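4 protein chains.
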Amino acid sequence: MAEEQGVTLESLRKKMADFARERDWDQFHSPRNLLLALVGEVGELSEIFQWRGEVPKGLPGWKEEEKEHLGEELSDVLLYLVRLSDMCGVDLGKAALRKLELNAVKYPANHCKDSHSGASQGGL
Amino acid sequence: MAEEQGVTLESLRKKMADFARERDWDQFHSPRNLLLALVGEVGELSEIFQWRGEVPKGLPGWKEEEKEHLGEELSDVLLYLVRLSDMCGVDLGKAALRKLELNAVKYPANHCKDSHSGASQGGL
Amino acid sequence: MAEEQGVTLESLRKKMADFARERDWDQFHSPRNLLLALVGEVGELSEIFQWRGEVPKGLPGWKEEEKEHLGEELSDVLLYLVRLSDMCGVDLGKAALRKLELNAVKYPANHCKDSHSGASQGGL
Amino acid sequence: MAEEQGVTLESLRKKMADFARERDWDQFHSPRNLLLALVGEVGELSEIFQWRGEVPKGLPGWKEEEKEHLGEELSDVLLYLVRLSDMCGVDLGKAALRKLELNAVKYPANHCKDSHSGASQGGL
Chain A
197 MAEEQGVTLE SLRKKMADFA RERDWDQFHS PRNLLLALVG EVGELSEIFQ
247 WRGEVPKGLP GWKEEEKEHL GEELSDVLLY LVRLSDMCGV DLGKAALRKL
297 ELNAVKYPAN HCKDSHSGAS QGGL
Chain B
197 MAEEQGVTLE SLRKKMADFA RERDWDQFHS PRNLLLALVG EVGELSEIFQ
247 WRGEVPKGLP GWKEEEKEHL GEELSDVLLY LVRLSDMCGV DLGKAALRKL
297 ELNAVKYPAN HCKDSHSGAS QGGL
Chain C
197 MAEEQGVTLE SLRKKMADFA RERDWDQFHS PRNLLLALVG EVGELSEIFQ
247 WRGEVPKGLP GWKEEEKEHL GEELSDVLLY LVRLSDMCGV DLGKAALRKL
297 ELNAVKYPAN HCKDSHSGAS QGGL
Chain D
197 MAEEQGVTLE SLRKKMADFA RERDWDQFHS PRNLLLALVG EVGELSEIFQ
247 WRGEVPKGLP GWKEEEKEHL GEELSDVLLY LVRLSDMCGV DLGKAALRKL
297 ELNAVKYPAN HCKDSHSGAS QGGL
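If you want it as structure tokens, here you go:
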């Protein structure tokens, strides 16, 4: 029922914590180990896009298995990010909501429209 | 009320989509643009940890403002990851749950305990 | 005179070693610290390219100051890579020549021509 | 004879250019393709260090094959960096020498000694 509402960051945090504990992996999950693992996964994600030139939104023409592979690499980045946040004592969901508010202040909707300056070209 | 249950990936996806539309940023949010923005944020996250040597779990001794800064960089990575997934047509929450199931098959709890082989040292 | 022949990796290694010693920075230059610093610089490099869409070779239309900035970020990645190799006891120039030989075996010139398979689309 | 003096960036640039031309890979080597390939290699480099905790200089205790593998990943990052610079029209050796001079101005040797401020903890 809860998952009808969507997957929460808290549920992923808990699943990762259980997963690590059941395998005695807590010993390996120091912040910098997890950060480097995250960088490794970002590398794998980049490899998917590296020789393709520009890729249109929605990935038209990609095979189902390519999209599945992409979903796996995106997930690996997410799962290490969730685990890293947990090991740092950061509530990632709360931090993300706060950052969204900061972004809304930094880039007011009216001022950004049609602006093409470096600082506001789509960026956080 | 819903947020008592925790922040969902779907709610972040929707907030990012609204944020981009209100600023006419959809034009900049192609998959590879977002991927490079994600790499940029991973770089900023790494800078926080770069000169510290090993960092213990829970970040004892870090100042409140350092933890806040960390929360912001973790969030930036998350928000671009959510947006990248959306622009690729990947349901990130669903993909993450599926990946967790694949991981559970790949690394059965009993076999991994105390294993120190390369493949199973804490990794997805 | 020597530099007429081009900058050697060995000369950069020595300059970085001198630079660090003169500033008492050896204490900070552990392998993983340098690796994270490298990741940070790769992030800054990515930021230069992140909102541009596809960029043609030779960067037509870029301002002189943008190219200079790019040269600085490319250099930062290089300098940390040189320093990381040194701190790991790896002779980077020798390793690169060896890798080029391995690549030549892995991707024979005749077989790759016009091949568009994933493995050989321009990759090492 | 020349290589007794060490491997130059220019010689690597030329070898990579020849390598790509002989395989018809120029078509794939756009700046952003190469940048993403570089990120992929940085990911592979990170994977070598990810579960190890702090690693002492010189990598005591690493097996010969682990060091060789490390040398290969360091080389892959270097080779893509050299190629990316070439495709951007940046003279990487010249840029690196210029950046070293800028760094010497930014961090004067006398002022940095024993300084532990964030800005000067070993960083470019």
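Chains as they are written, first to last, in this note's numbering: chain A, 197 to 320; chain B, 197 to 320; chain C, 197 to 320; chain D, 197 to 320. Note that beta-carbon positions come from the ideal geometry of N, C-alpha and C, so glycine has one too. Bear in mind the structure is a predicted one, so any value in this text is a computation, not a measurement.
- prompt: Name the chain D residues that come within less than 8 angstroms of W221 (chain B), Cβ to Cβ?
  reply: Locating residue 221 (chain B) in the second sequence gives position 25, counting from the first residue. Result: empty, since nearest Cβ-Cβ is about 19 angstroms, beyond 8 angstroms.
- prompt: Using the C-alpha atoms, what's the distance from N306 (chain A) back to L277 (chain C)?
  reply: Position 81 of the third sequence, counted from the start, is the residue given in the question as residue 277 (chain C). Position 110 of the first sequence, counted from the start, is the residue given in the question as residue 306 (chain A). Distance between the alpha carbons of L277 (chain C) and N306 (chain A) is about 43 angstroms.
- prompt: If you drop the 5 nearest sequence neighbours on each side, which residues of the same chain put their C-beta closer than 7 angstroms to that of E260 (chain B)?
  reply: For this step, residue 260 (chain B) is matched to residue 64 along the second sequence. Contacts found: none.
- prompt: In the stretch 236-252 of chain B, which residues sit with their C-beta less than 7 angstroms from some C-beta in chain D, listed in chain order?
  reply: W247, G249, E250
query: How close, in whole Å, do the beta carbons of E250 (chain C) and S226 (chain D) come, if the pair is a contact with beta carbons under 8 angstroms?
result: The residue you call residue 250 (chain C) lines up with position 54 of the third sequence. The residue you call residue 226 (chain D) lines up with position 30 of the fourth sequence. Right, the Cβ-Cβ distance comes to about 7 angstroms (below 8 angstroms), so this counts as a contact.
- request: Give a yes or no on whether the minimum CB-CB distance between E206 (chain A) and chain B is below 7 angstroms.
  value: Here residue 206 (chain A) corresponds to residue number 10 of the first sequence, with the count starting at 1. Yes, because at least one Cβ of chain B sits closer than 7 angstroms to the Cβ of E206 (chain A).
- prompt: Whose Cβ in chain D lies nearer than 7 angstroms to the Cβ of G318 (chain B)?
  reply: Sequence index remark: in the second sequence, residue 318 (chain B) carries index 122 (1-based). The answer, in chain order, is W247.
task: With a 10 Å radius around its C-beta and 16 neighbouring C-beta atoms as the bar for buried, classify Q223 (chain D) as buried or exposed.
output: Translated into the one-based positions of the fourth sequence, residue 223 (chain D) becomes position 27. The residue in question, Q223 (chain D), is exposed, as its Cβ has fewer than 16 Cβ neighbours within 10 Å.
task: Determine the direct distance from the alpha carbon of G257 (chain D) to that of E237 (chain D), and round the result to whole angstroms.
output: As a first step, residue 237 (chain D) is located in the fourth sequence; it is residue number 41 there, counting from the start. As a first step, residue 257 (chain D) is located in the fourth sequence; it is residue number 61 there, counting from the start. So the two alpha carbons sit approximately 24 angstroms from each other.
- request: State the start and end residues of the unbroken alpha helix (DSSP H) segment that holds F245 (chain D).
  value: Residue numbering aside, residue 245 (chain D) sits at position 49 when the fourth sequence is read from its first letter. Its alpha helix (DSSP H) spans residues 227-245.
field: Interface partners of A233 (chain B) on chain C, CB under 8 angstroms
entry: If you number the second sequence from 1, residue 233 (chain B) lands on position 37. Those within 8 angstroms of A233 (chain B) in chain C are S242, E243, Q246, W247.
field: Rounded C-alpha distance that separates D220 (chain B) from G318 (chain A)
entry: Counting from 1 along the second sequence, the entry for residue 220 (chain B) is found at position 24. Counting from 1 along the first sequence, the entry for residue 318 (chain A) is found at position 122. If you take the alpha carbons of D220 (chain B) and G318 (chain A), they lie about 8 angstroms apart.
- prompt: Leaving out the 5 sequence neighbours to the left and right, which residues in its chain are closer than 7 angstroms to L168 (chain C) when beta-carbon positions are compared?
  reply: Limits of chain C in this structure are 197 at one end and 320 at the other, which puts residue 168 (chain C) out of reach.
message: Between L205 (chain A) and G202 (chain B), how many whole angstroms is the CB-CB distance? I'm expecting something under 8 angstroms.
response: One-based indexing of the first sequence puts residue 205 (chain A) at position 9. One-based indexing of the second sequence puts residue 202 (chain B) at position 6. Yes, they are in contact, since the Cβ atoms of L205 (chain A) and G202 (chain B) sit about 6 angstroms apart, within 8 angstroms.
C-beta neighbour in chain C for D214 (chain D), strict 7 angstroms: Position 18 of the fourth sequence holds residue 214 (chain D). Not closer than 7 angstroms to any Cβ of chain C, the Cβ of D214 (chain D) fails to qualify, so no.
task: Return the residues of the stretch 265-298 of chain C that lie within a Cβ-Cβ distance of less than 8 angstroms from chain B, sorted by chain order.
output: none
- request: Can you give me the start and stop residues for the alpha helix (DSSP H) that F215 (chain A) sits inside?
  value: For the purposes of this step, residue 215 (chain A) is taken as residue 19 along the first sequence, with counting starting at 1. Start and end: 205-218.
query: Should R209 (chain B) and D282 (chain B) be called a contact, given that it needs their Cβ atoms to be closer than 7 angstroms?
result: As a position in the second sequence, residue 209 (chain B) is number 13, starting the count at 1. As a position in the second sequence, residue 282 (chain B) is number 86, starting the count at 1. Yes; because the gap between Cβ atoms is below 7 angstroms, this pair is in contact.
- prompt: Would K211 (chain A) count as contacting chain B if we go by Cβ distances under 7 angstroms?
  reply: Here residue 211 (chain A) refers to the residue found at position 15 when the first sequence is read from its first residue. Yes - at least one Cβ of chain B is within 7 angstroms of the one on K211 (chain A).
message: Does K302 (chain B) pass the burial test, meaning 16 or more other C-beta atoms within 10 Å, or should it be called exposed?
response: Within the second sequence, numbered from 1, the residue matching residue 302 (chain B) stands at position 106. Classification for K302 (chain B): exposed.
message: Between which residues of its own chain and I244 (chain A) is the CB-CB distance below 8 angstroms, once the five residues before and five after are set aside?
response: Position 48 of the first sequence, counted from the start, is the residue given in the question as residue 244 (chain A). Around I244 (chain A): E262, H265, L266, E269.
message: Which residue wins for smallest C-alpha separation from G254 (chain C), given the options D:K211, D:N299, D:D287, D:D272?
response: Working through the third sequence from its first residue, we reach residue 254 (chain C) at position 58. Answer by Cα proximity: D:D287.
- request: Rounded to whole angstroms, what's the CA-CA distance from L234 (chain A) to K211 (chain A)? Just pull it up for me.
  value: Along the first sequence, read from residue 1 onward, the residue named residue 234 (chain A) stands at position 38. Along the first sequence, read from residue 1 onward, the residue named residue 211 (chain A) stands at position 15. Taking the straight line joining both Cα atoms gives about 17 angstroms.
Among C:G289, C:G285, C:L320, nearest to A300 (chain C) - alpha-carbon criterion: Numbered from its first residue, the third sequence carries residue 300 (chain C) at position 104. With distances taken between Cα atoms, A300 (chain C) lies closest to C:L320.
Spatial neighbours of E240 (chain D) in its chain, beta-carbon cut-off 8 angstroms, leaving aside the 5 residues before and after: Working through the fourth sequence from its first residue, we reach residue 240 (chain D) at position 44. Once the five neighbours on either side are set aside, the close Cβ partners of E240 (chain D) are E269, D272.
query: Nearest chain A C-beta to N229 (chain D) closer than 7 angstroms, yes or no?
result: Translated into positions along the fourth sequence, residue 229 (chain D) becomes position 33. At least one chain A Cβ lies under 7 angstroms of N229 (chain D).
Start and end residues, alpha helix (DSSP H) containing D282 (chain D): Numbered from 1 along the fourth sequence, position 86 holds the residue referred to as residue 282 (chain D). Element bounds for D282 (chain D): 260-283.
- request: Spatial neighbours of S207 (chain A) within its chain, please: CB distance less than 6 angstroms, with the 5 preceding and 5 following residues excluded, ordered by chain position.
  value: For this step, residue 207 (chain A) is matched to residue 11 along the first sequence. Excluding sequence neighbours, S207 (chain A) sits near nothing in its chain.
- prompt: In three-state DSSP terms, what is E297 (chain B)?
  reply: By 1-based counting over the second sequence, the position of residue 297 (chain B) is 101. Correct three-state label for E297 (chain B): helix.
task: On a CA-only basis, which of C:C284, C:R248, C:S242, C:W247 is nearest L213 (chain C)? Give me that one, please.
output: As a working mapping, residue 213 (chain C) is identified with position 17 in the third sequence. The residue asked about is misnamed: residue 213 (chain C) is Ala in this sequence, not Leu. It is C:C284 whose Cα lies nearest to the Cα of A213 (chain C).
query: Per DSSP, what kind of secondary structure is K253 (chain D) in: helix, strand or coil?
result: Taking the fourth sequence and counting its residues from 1, one reaches residue 253 (chain D) at position 57. K253 (chain D): coil per DSSP, three-state reduction.
task: Using three-state DSSP, classify D222 (chain B) as helix, strand or coil.
output: To locate residue 222 (chain B), count along the second sequence from 1; it is residue 26. Reduced to three states, the DSSP call for D222 (chain B) is helix.
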